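S.K.: Residue numbers (my numbering): 65 to 480.
Glycine included, every Cβ here is placed at the ideal spot set by N, Cα and C.
It should be emphasised that the depicted structure is a prediction, and the values quoted were computed from it without experimental measurement.
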Amino acid sequence: MVGAGDPCWKVQNPGVHPVMISALLPNYARIDLAFERGEGSWLWTTDGRRFLDFGSGIATASIGHAHPHLVQAIAEQAAKVMHTSNLYRIPQAERLAQRLVDASFADSVFFCNSGAEANEGMIKMMRRAMSDAGKAERFRIICFEGAFHGRTLATLAATGNHHYLEGFGPEVEGFDHVPFNNMNAVRDAIGGETCGIIVEPVQGEGGVRPADMQFLRDLRTVCDEFGIILGMDEVQSGMGRTGKLFAHEWAGITPDVMSSAKGIGGGFPLGAVFAKEKYAVALKPGTHGTTYGGNPLACAAGNAVLDVILAPGFLDDVVRKGAKMKAELERIARDFPTLFVEARGLGLLLGLKCHAAPGPIQAACAEQGLMAITAGENTLRLAPPLVVTEAEIDQAMDMLRKAATSVAAAQKAAAQ
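Encoded structure:
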């Protein structure tokens with residue numbers, strides 16, 4: 065709670081029910097750090113401290129902070145025109161869509177602003193495609209335990225986490241949840257009302273848990289077998305994060321529809337729904353829309369990010385750096401068995417599953433100058449910018465090792 069001396073303090077309805085609340089709604093448990101600038105994998109606070117950023121704004125600053133090419137593209141576009149609305153053609157969006165289509169399974173792309181909005185669009189597209197095919201009764205979507213698909217009412221229902229759903233009234237109908245990586249459970253859940261399946265190739269919020277590659281291949285097979293739609297949530301795992309442009313490529317399959325966001329704009333708000341033509345045509349004029357989505361400024365950012373990620377050798381470097389980092393995380397897990405269960409993840413979306421809540425380890429990392437984030441299943445999540453250097457990985461792993469040493473020592477002292 066802020067005090068009266070805080071500039072954000074305000075008394076509302078004086079003499080009736082005095083209320084003290086910050087001007088910025090306090091719905092986040094914010095860490096007391098404020099950053100004023102960044103460069104590459106580094107961030108500097110307003111009081112001059114420097115941190116190695118292995119959270120990347122939750123896997124969003126894909127090409128690092130203040131990347132010169134991204135900064136230039138945004139500045140140049142902002143000086144021309146930022147927004148015109150989707151009432152008119154947007155050349156920047158047309159170019160970005162064509163490049164993404166050329167680099168993926170999709171035939172068409174719809175642009176929006178965030179991962180939750182992309183998943184909403186994907187859900188609507190799947191349901192509408194079934195309705196257009198004369199199967200309006202098939203609206204239910206199979207999702208997975210441990211998933212995270214967003215904070216809107218529908219994507220909360222798709223997520224299925226009761227903690228997130230509590231207090232918001234009846235859940236949006238039509239989502240069935242089964243265990244992750246369990247094909248028998250998937251087959252058992254398919255019925256006459258099933259529209260399709262939505263899966264994350266790597267569950268980021270759910271604990272940095274990759275899907276088994278055979279499981280993804282089996283999902284493709286079962287969707288073809290039952291005539292249902294395979295949707296892929298690549299909001300966190302996409303845009304080069306795992307060393308492929310999209311993580312499902314590791315399984316050698318293609319989805320029917322897919323959501324993307326986070327790294328697609330390098331930190332600028334941008335999301336997208338990718339689809340094969342058969343499903344894309346379901347969203348006819350009037351069925352879906354967005355005010356800001358795909359505006360000139362956002363798509364200038366998206367094109368700049370794509371310039372970097374699709375450059376020759378870039379994704380190969382992500383694979384190599386991810387393998388190096390995971391090997392070191394595995395060594396750390398072995399060296400601190402009282403703290404860590406295992407290293408997990410794919411590419412540069414990695415984590416350490418802890419025996420207990422990872423808060424103390426996260427705090428100890430911050431004391432060393434390393435920013436890490438957390439995830440489900442007591443996981444310390446590490447998702448550095450894709451442009452991170454090998455030297456920075458070495459430095460981060462040294463910081464993490466020192467943090468683990470201090471937490472293990474405190475753990476041992478408390479047990480005595």
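#1: I'd like the list of long-range same chain contacts for L379, defined as Cβ closer than 6 angstroms, with 5 residues on each side in sequence excluded.
#2: Starting from the C-beta of A142, find all residues in its chain whose C-beta is less than 8 angstroms away, skip the five residues before and the five after it, and write them out in chain order.
#3: Can you check which of these residues, G335, E264, G377, G366, is closest to H312 by C-alpha distance?
#4: So for V66, helix, strand or coil by DSSP?
#5: So A362 is in the alpha helix (DSSP H); what residue range does that whole segment cover?
#6: Determine whether the beta carbon atoms of G104 and P376 lie at a separation below 8 angstroms.
#7: Going by the beta-carbon positions, is the gap between T355 and S149 smaller than 8 angstroms?
#8: Any chance the stretch 159-171 sits against the stretch 381-395, with 3 or more Cβ pairs inside 8 angstroms?
#9: Beta-carbon within less than 6 angstroms of G268's beta-carbon, same chain only, minus the 5 sequence neighbours each way: which residues are those?
#10: Based on the DSSP output, what are the partners of K417 in its beta bridges?
#11: Can you give the Cα-Cα distance for A365 and D288, rounded to whole angstroms?
#12: Got a sec, what are the start and stop residues for the alpha helix (DSSP H) H226 sits in?
#13: Can you name, in chain order, every residue of its own chain whose Cβ lies under 8 angstroms from the Cβ of G353, other than the five neighbours on each side?
#14: Using only the alpha-carbon positions, how far apart do A455 and L370 sit?
#15: Between the stretch 101-121 and the stretch 81-92, are three or more C-beta pairs nearer than 8 angstroms?
#16: Excluding five sequence neighbours on each side, which residues of the same chain lie with their C-beta closer than 7 angstroms to the C-beta of G331?
#17: Output needed for D70: all residues of its chain with C-beta closer than 8 angstroms, excluding positions within five of it in sequence on either side, in chain order.
#18: Helix, strand or coil for D171 per DSSP?
#19: For G119 and Q475, I'd like the C-alpha separation in whole angstroms.
#20: With respect to the beta strand (DSSP E) encompassing E298, which residues constitute its N-terminal and C-terminal limits?
#21: What is the DSSP secondary structure of L97, reduced to helix, strand or coil?
#22: Whole beta strand (DSSP E) runs in the stretch 238-312 with 3 or more residues, listed along the chain?
#23: Please tell me whether L412 and M389 are closer than 8 angstroms, where the distance is taken between their beta carbons.
#24: Inspect the CB distances between the stretch 403-417 and the stretch 429-445 and report whether three or more fall short of 8 angstroms.
#25: Which residues does DSSP list as the beta-bridge partners of F338?
#26: Exposed or buried, F232, counting other C-beta atoms within 10 Å across all chains shown (16 or more means buried)?
#27: Cα-Cα, which of F290, G329, K466, A427 is closest to N367?
#28: Straight-line CA distance for D320 to A200?
#29: Helix, strand or coil: which one does DSSP assign to G357?
#30: Exposed or buried, which one is G179 when buried takes at least 16 other CB atoms within 10 Å?
#31: What three-state label does DSSP hand R114 in the structure shown?
#32: Can you tell me which of the three DSSP states L347 falls into?
#33: Do L283 and I261 have their C-beta atoms within less than 8 angstroms of each other?
#34: So is Q426 buried or exposed if we call it buried at 16+ other beta carbons inside 10 Å?
#35: Rounded to a whole number of angstroms, what is the C-alpha to C-alpha distance between T469 and D252?
#36: Cα-Cα, which of A420, A161, R408 is closest to R445?
M.R.: A quick look at the data gives this:
#1: G304, G307
#2: L361
#3: E264
#4: At V66, the pLDDT of 44 sits below 50, so the modelled position is not reliable; the number obtained from the coordinates is stated separately. In the structure shown, V66 sits in coil (DSSP, three-state: anything other than H, G, I, E or B).
#5: 360-373
#6: no
#7: yes
#8: no
#9: Q300
#10: E406, T443
#11: 36 angstroms
#12: 226-229
#13: N150
#14: 25 angstroms
#15: no
#16: G121, T124, A125
#17: Caution applies to D70, whose pLDDT of 47 falls short of 50 and renders its modelled position unreliable; the value that the coordinates give is listed next. Only S86 meet the Cβ criterion.
#18: coil
#19: 25 angstroms
#20: Note, E298: premise wrong, no beta strand (DSSP E); not H, not E.
#21: coil
#22: 239-242, 258-263, 293-297
#23: yes
#24: yes
#25: V173, M322
#26: exposed
#27: G329
#28: 18 angstroms
#29: coil
#30: buried
#31: strand
#32: coil
#33: yes
#34: buried
#35: 46 angstroms
#36: R408
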